[in-house]
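Undergrad: Same order as they appear, the protein sequences are chains A and B. Just so you know, the first sequence maps onto residues 3 to 330 in my numbering. Just so you know, the second sequence maps onto residues 3 to 330 in my numbering. Quick reminder that beta carbons are idealized off the backbone N, C-alpha and C, glycines included. Values in this document were obtained by computation on a predicted structure and should not be read as measured data.
Protein chains: 2
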Amino acid sequence: MDDVADRAGVSQMTVSRVMSGKGYISSKVRDQVHAAAAEIGYVQNRLARGLRSEQSSLIAVVLPTLGNTVFTEVLRGITDALSAQSLRPVFGLTEYSEDREYELVRDLLSWRPAGIVLAGLEHSDQTRRAIDASGVRVAEVMDIDGEPISTAFGLSQKAAGQVTAQHMLDKGHRRFVYAGSQSGADLRAGKRLEGFRQTVREAGGTIVSEIISSQPSSMVEGRRITAEILSGGDRPDAIYYSNDDLAAGGIMHCLAEGVRIPGDIAMAGFNGLPYLDALPIQLTTIQTPRYDIGFQAGKLLAMQGEDRSSTASQLVDLGFELSVGRTC
Amino acid sequence: MDDVADRAGVSQMTVSRVMSGKGYISSKVRDQVHAAAAEIGYVQNRLARGLRSEQSSLIAVVLPTLGNTVFTEVLRGITDALSAQSLRPVFGLTEYSEDREYELVRDLLSWRPAGIVLAGLEHSDQTRRAIDASGVRVAEVMDIDGEPISTAFGLSQKAAGQVTAQHMLDKGHRRFVYAGSQSGADLRAGKRLEGFRQTVREAGGTIVSEIISSQPSSMVEGRRITAEILSGGDRPDAIYYSNDDLAAGGIMHCLAEGVRIPGDIAMAGFNGLPYLDALPIQLTTIQTPRYDIGFQAGKLLAMQGEDRSSTASQLVDLGFELSVGRTC
DNA sequence: CTGAAAGCGCTAACAT
DNA sequence: ATGTTAGCGCTTTCAG
Numbered sequence: 003m004d005d006v007a008d009r010a011g012v013s014q015m016t017v018s019r020v021m022s023g024k025g026y027i028s029s030k031v032r033d034q035v036h037a038a039a040a041e042i043g044y045v046q047n048r049l050a051r052g053l054r055s056e057q058s059s060l061i062a063v064v065l066p067t068l069g070n071t072v073f074t075e076v077l078r079g080i081t082d083a084l085s086a087q088s089l090r091p092v093f094g095l096t097e098y099s100e101d102r103e104y105e106l107v108r109d110l111l112s113w114r115p116a117g118i119v120l121a122g123l124e125h126s127d128q129t130r131r132a133i134d135a136s137g138v139r140v141a142e143v144m145d146i147d148g149e150p151i152s153t154a155f156g157l158s159q160k161a162a163g164q165v166t167a168q169h170m171l172d173k174g175h176r177r178f179v180y181a182g183s184q185s186g187a188d189l190r191a192g193k194r195l196e197g198f199r200q201t202v203r204e205a206g207g208t209i210v211s212e213i214i215s216s217q218p219s220s221m222v223e224g225r226r227i228t229a230e231i232l233s234g235g236d237r238p239d240a241i242y243y244s245n246d247d248l249a250a251g252g253i254m255h256c257l258a259e260g261v262r263i264p265g266d267i268a269m270a271g272f273n274g275l276p277y278l279d280a281l282p283i284q285l286t287t288i289q290t291p292r293y294d295i296g297f298q299a300g301k302l303l304a305m306q307g308e309d310r311s312s313t314a315s316q317l318v319d320l321g322f323e324l325s326v327g328r329t330c
Numbered sequence: 003m004d005d006v007a008d009r010a011g012v013s014q015m016t017v018s019r020v021m022s023g024k025g026y027i028s029s030k031v032r033d034q035v036h037a038a039a040a041e042i043g044y045v046q047n048r049l050a051r052g053l054r055s056e057q058s059s060l061i062a063v064v065l066p067t068l069g070n071t072v073f074t075e076v077l078r079g080i081t082d083a084l085s086a087q088s089l090r091p092v093f094g095l096t097e098y099s100e101d102r103e104y105e106l107v108r109d110l111l112s113w114r115p116a117g118i119v120l121a122g123l124e125h126s127d128q129t130r131r132a133i134d135a136s137g138v139r140v141a142e143v144m145d146i147d148g149e150p151i152s153t154a155f156g157l158s159q160k161a162a163g164q165v166t167a168q169h170m171l172d173k174g175h176r177r178f179v180y181a182g183s184q185s186g187a188d189l190r191a192g193k194r195l196e197g198f199r200q201t202v203r204e205a206g207g208t209i210v211s212e213i214i215s216s217q218p219s220s221m222v223e224g225r226r227i228t229a230e231i232l233s234g235g236d237r238p239d240a241i242y243y244s245n246d247d248l249a250a251g252g253i254m255h256c257l258a259e260g261v262r263i264p265g266d267i268a269m270a271g272f273n274g275l276p277y278l279d280a281l282p283i284q285l286t287t288i289q290t291p292r293y294d295i296g297f298q299a300g301k302l303l304a305m306q307g308e309d310r311s312s313t314a315s316q317l318v319d320l321g322f323e324l325s326v327g328r329t330c
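(1) List in chain order: all unbroken beta strand (DSSP E) runs of 3+ residues lying wholly within the segment 83–146 of chain B.
(2) Give the residues of chain A in contact with GLY117(B), contact being defined as C-beta atoms less than 7 Å apart.
(3) Just the Cα atoms here: how many angstroms apart are MET3(B) and ASP109(B)?
(4) Who does SER211(B) pair with in a DSSP beta bridge?
(5) Does the structure place the segment 41–61 of chain A close enough to the segment 99–115 of chain A that three or more beta carbon pairs sit under 8 Å?
(6) Any chance you could list the beta strand (DSSP E) runs of at least 3 consecutive residues sitting entirely within the segment 50–84 of chain A, in chain order?
(7) Helix, strand or coil: which one does DSSP assign to GLN316(B)?
(8) Taking the beta strand (DSSP E) that MET269(B) falls in, what are its first and last residues?
(9) Output, in sequence order along the chain, the residues in the segment 77–100 of chain B whose CB is closer than 9 Å to any CB in chain A.
(10) Find the nearest neighbour of ASP294(B) within the set ALA154(B), ILE42(B), LYS24(B), judged by alpha-carbon distance.
(11) The segment 41–58 of chain A: which residues have C-beta closer than 7 Å to a C-beta of chain B, in chain order?
(12) Could one say the Cβ of GLY182(B) lies closer than 8 Å to chain A's Cβ atoms, at least one of them?
(13) For the segment 176–185 of chain B and the segment 232–246 of chain B, state whether three or more C-beta atom pairs, one from each stretch, are separated by less than 8 Å.
(14) Pick from GLY25(B), VAL326(B), PHE198(B), ALA10(B): whose alpha carbon is nearest that of ALA38(B)?
(15) Bridge partners for GLU323(B) per DSSP, in chain order?
(16) Would you be able to state if there are at least three C-beta pairs under 8 Å between the segment 20–28 of chain A and the segment 85–104 of chain A?
(17) Go to ILE241(A), then tell me how far its alpha helix (DSSP H) extends in each direction, as first and last residue.
(18) Would you check if there are 3 or more beta carbon pairs closer than 8 Å linking the segment 205–219 of chain A to the segment 280–291 of chain A?
(19) When you compare the CB of ALA229(A) with every CB in chain B, is at least one pair closer than 8 Å?
(20) With DSSP collapsed to three states, give me the class of ALA229(B).
(21) Mark LYS193(B) as exposed unless 16 or more other C-beta atoms lie within 10 angstroms of its C-beta, in which case mark it buried.
(22) Determine the chain A residues that contact TYR104(B) at a beta-carbon separation under 7 Å, and present them in chain order.
(23) What first and last residue would you give for the alpha helix (DSSP H) that runs through LEU171(B)?
(24) Output needed for GLU75(A): all residues of its chain with C-beta closer than 8 Å, excluding positions within five of it in sequence on either side, in chain order.
(25) Applying the 10 Å Cβ sphere with the 16-neighbour rule, what's the burial state of SER311(B)?
(26) Can you check the segment 5–39 of chain B for any alpha helix (DSSP H) of at least 4 residues that lies completely inside it and give the ranges in chain order?
(27) How is THR153(A) classed by DSSP in three states: helix, strand or coil?
(28) Tell me whether GLU103(A) is buried or exposed, calling it buried when 16 or more other Cβ atoms sit within 10 Å of its Cβ.
(29) Counting only Cβ pairs nearer than 9 Å, list the residues of chain B close to SER112(A).
(30) Closer than 8 Å, Cβ to Cβ, to anything on chain A: give me those residues from the segment 274–294 of chain B, in chain order.
(31) Determine the closest residue to GLY122(B) out of ASP145(B), VAL202(B), LEU49(B), with distance taken between C-alpha atoms.
(32) Beta-carbon of GLY137(A) versus every beta-carbon of chain B: anything under 8 Å?
(33) Grab the span of the alpha helix (DSSP H) containing ARG190(A) for me, first residue to last.
(34) With distances taken between CB atoms, is the gap from GLY260(A) to GLY224(A) smaller than 8 Å?
(35) Give me the Cα-Cα distance between ASN70(B) and ASP134(A), rounded to the nearest whole angstrom.
(36) From ALA132(A) to ARG190(A), what does the alpha carbon distance come to, in whole angstroms?
See below:
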């Protein structure tokens, strides 16, 4: 900055004001400074800026995985919301481990981020304490069934499970199998299953079995699980998959093996991923506002305490929609 | 750090040494310091550390999009490679725009990252100058057909196009349609097409038409394009898709409409995405080492100039493999 | 509208 | 093996 100041014939402080766009500067001086900066290829040092102003324009993002389209869309939403304010996401992946989440939160906090995004509402006490002590603003995403740290954007996972169950029951199905993945580490999927179970039970239906693979969810794994289910002696009426990727794998299995959907077996998924529209059979699923969840979380953290009026903890329900296809 | 030092009864510099793990510290003092830090919940300030040491443990990552699985896998590879050294990725998305890439590079450079990852080898002069001036280490990913800034990890996109063409020609196909997306903004896809064209031409085949959608690539878009191609009067022998998502859409169209593959129409894609294994018909495609590309790029940037011996610009060919399915 | 002085929290360099 | 001193590049604060 000193070099730029010399070139522009002003003080270093004036350069600082021009760069940060704060304070009153005559347009003549501003132009001189910009010209000088361009000539020598000056690039701000945000480490210094952040150190002095006790505020870095970084947003910490801690997500379970990038292997699930859901989180890449959330991340896109966050990134888009931030880019207007030239805030940047720094991120880490937990692979659904609470311990790993804590490590990442600790580490990311050392960057003095302007905010932090976390997936879900369940975090270890350590994690909560570290965040509390740091005073960063937090946005939790995807889930609203529980107590948020401050603000959570998402949908009721439990209600999604209930709505799906009700629809399947209405279609006359009574004997279900649940197909999940990740060894049940995905807590949101667990809540959906809980809602599903409850509604099925109340209607007198049965969940014949719950098959939970140890693998990450994928179409291939969905196809494998489905083959396993259908090869068993006791075929259920319908399969409730923990998400669309697994369900799409189920559709593929049936397409390949000539199993009729929903005649031989009915199916439902969760998420409403775009590619479902390309499949030969439309999957019945729950459409979730993933991008919007990310975008709104990003926007909240982006507005610098301007509107910090609502300090109280809040649950922002962005809703979901049952998308009825031809699989049940 | 002063507070920790007081508690531990040592100087602040000793705390610094313990925290950064540099220099000789008696294990007794180390334990005292760690205990004191834990008691008051001390969290390092990396902004200060970075400012002083002229080196932040951030790696800038600039990718075109997260809408393409390819880049999420590259990003996973990068993230995994970095996490061992507790380096964190800060990132931005260009949406395939060179101008946006420049803006992002400028902005990310202000964090004084230890390294930067860029997609492809084509960058504006401005971008190259900014990077040059900053002196950061660079890793370019995915492409090796061209002149890298310093080191590029990837595969020959052109060769991939040639290999695909040769295989399709060997299978007896002569009249092709190329199906692409993004209005051709994806330069790697362009290089594949170039290789494809060349091999087809040399063998006396014909590319009947090149259909390039303005949409981002997706299965839905692939299905739409395929419907369009097959409804035309002049049906080609085969379609070469710029990637697997489009090709999978093509398969879906044929499955839904009863078009026989490869009897009525043959197909090939690019990438070798995992979900292809779940489809009823195995797509012929090119398997690319996306995760590994990201991982190696991350590793290079992670090793702090330890092995900066090879300053010369380098192309690291991580290869690809033709994966022969049942679509051609 | 512009400038001077001080200091954010660390680590490099030099002492001991 | 530990301590002292100085200063990284910026912004806050106070003065004009």
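TA: On the basis of the supplied data:
(1) With a minimum length of 3 residues, the continuous beta strand (DSSP E) runs that stay inside the segment 83–146 of chain B are 90–95, 117–121, 139–145.
(2) Within the second sequence, the letter at position 115 stands for residue 117(B). When 7 Å is used as the limit between beta carbons, GLY117(B) is near no residue of chain A, the shortest such separation being about 14 Å.
(3) Walking along the second sequence from the start, residue 3(B) turns up at place 1. Walking along the second sequence from the start, residue 109(B) turns up at place 107. Going by the C-alpha atoms only, they are around 30 Å apart.
(4) Taking the first residue of the second sequence as 1, we reach residue 211(B) at position 209. Under DSSP, SER211(B) shares a beta bridge with VAL179(B).
(5) Yes: at least three Cβ pairs fall under 8 Å.
(6) Look at the segment 50–84 of chain A and you find these whole runs of beta strand (DSSP E), each 3 residues long or longer: 60–65.
(7) Counted from its first residue, the second sequence places residue 316(B) at position 314. Looking at GLN316(B) - three-state DSSP - the assignment turns out to be strand.
(8) For the purposes of this step, residue 269(B) is taken as residue 267 along the second sequence, with counting starting at 1. Looking at the DSSP string, the run of the beta strand (DSSP E) that includes MET269(B) is 268–270.
(9) From the segment 77–100 of chain B, only LEU77, ARG78, THR81, ASP82, SER85, SER88, ARG90, PRO91, VAL92, PHE93, GLY94, LEU95 have a Cβ closer than 9 Å to chain A.
(10) Start at 1 with the first residue of the second sequence, and residue 294(B) comes out as number 292. Minimum Cα distance to ASP294(B) is reached at ALA154(B).
(11) The residues in question are GLY43, VAL45, GLN46, ASN47, ARG48, LEU49, ALA50, GLY52, LEU53, SER58.
(12) As a first step, residue 182(B) is located in the second sequence; it is residue number 180 there, counting from the start. For GLY182(B), the answer is no, since every Cβ of chain A falls outside 8 Å of its Cβ.
(13) Touching, per the Cβ criterion.
(14) As a working note, residue 38(B) is residue 36 in the second sequence. Of the listed residues, the one whose Cα sits closest to ALA38(B) is ALA10(B).
(15) For this step, residue 323(B) is matched to residue 321 along the second sequence. Answer by DSSP bridge pairing, in chain order: GLN289(B).
(16) Contact fails: fewer than three Cβ-Cβ distances are below 8 Å.
(17) As a working mapping, residue 241(A) is identified with position 239 in the first sequence. Residue range 240–243 is occupied by the beta strand (DSSP E) that includes ILE241(A), with no alpha helix (DSSP H) assigned at that position.
(18) In short, these stretches do not touch, since the Cβ pair count stays below three.
(19) Reading the first sequence from its first residue, position 227 is the one you call residue 229(A). No, because no Cβ of chain B sits closer than 8 Å to the Cβ of ALA229(A).
(20) Indexing the second sequence from 1 puts residue 229(B) at position 227. Residue state, collapsed to three classes: helix.
(21) What you label residue 193(B) is simply residue 191 of the second sequence in a count that begins at 1. Per the 10 Å Cβ criterion, buried.
(22) The sequence position of residue 104(B) within the second sequence is 102, counting from 1. What TYR104(B) touches in chain A: nothing, since even the nearest Cβ is about 12 Å away.
(23) Stepping through the second sequence from its first residue, residue 171(B) is reached at position 169. That run of the alpha helix (DSSP H) goes 159–172.
(24) As a working mapping, residue 75(A) is identified with position 73 in the first sequence. The answer, listed in chain order, is ARG292, TYR293, GLY296.
(25) Locating residue 311(B) in the second sequence gives position 309, where the first residue counts as 1. In this prediction, SER311(B) has a pLDDT of 49, which is less than 50 and means its spatial position is unreliable; nothing more can be read from the coordinates.
(26) Annotation note: the segment 5–39 of chain B contains the following uninterrupted alpha helix (DSSP H) runs of length 4 or greater, listed N- to C-terminal: 14–22.
(27) Start at 1 with the first residue of the first sequence, and residue 153(A) comes out as number 151. Looking at THR153(A) - three-state DSSP - the assignment turns out to be strand.
(28) As a working mapping, residue 103(A) is identified with position 101 in the first sequence. Sixteen is the threshold: when 16 or more other Cβ atoms of the shown chains lie within 10 Å of the Cβ of GLU103(A), as they do, the residue is buried.
(29) As a first step, residue 112(A) is located in the first sequence; it is residue number 110 there, counting from the start. In chain order: VAL45, GLN46, ASN47, ARG48, LEU49, ARG51.
(30) Those would be PRO276, TYR277, ASP279, ALA280, LEU281, PRO282, in chain order.
(31) Within the second sequence, the letter at position 120 stands for residue 122(B). The candidate whose alpha carbon is nearest that of GLY122(B) is ASP145(B).
(32) Reading the first sequence from its first residue, position 135 is the one you call residue 137(A). It does not: the Cβ of GLY137(A) has no partner Cβ on chain B nearer than 8 Å.
(33) The residue you call residue 190(A) lines up with position 188 of the first sequence. Per DSSP, ARG190(A) belongs to the alpha helix (DSSP H) from 189–204.
(34) For this step, residue 260(A) is matched to residue 258 along the first sequence. For this step, residue 224(A) is matched to residue 222 along the first sequence. Contact: no.
(35) What you label residue 70(B) is simply residue 68 of the second sequence in a count that begins at 1. What you label residue 134(A) is simply residue 132 of the first sequence in a count that begins at 1. Rounded to the nearest angstrom, the two C-alpha atoms are 36 Å apart.
(36) For this step, residue 132(A) is matched to residue 130 along the first sequence. For this step, residue 190(A) is matched to residue 188 along the first sequence. When rounded, the distance between both Cα atoms is 23 Å.
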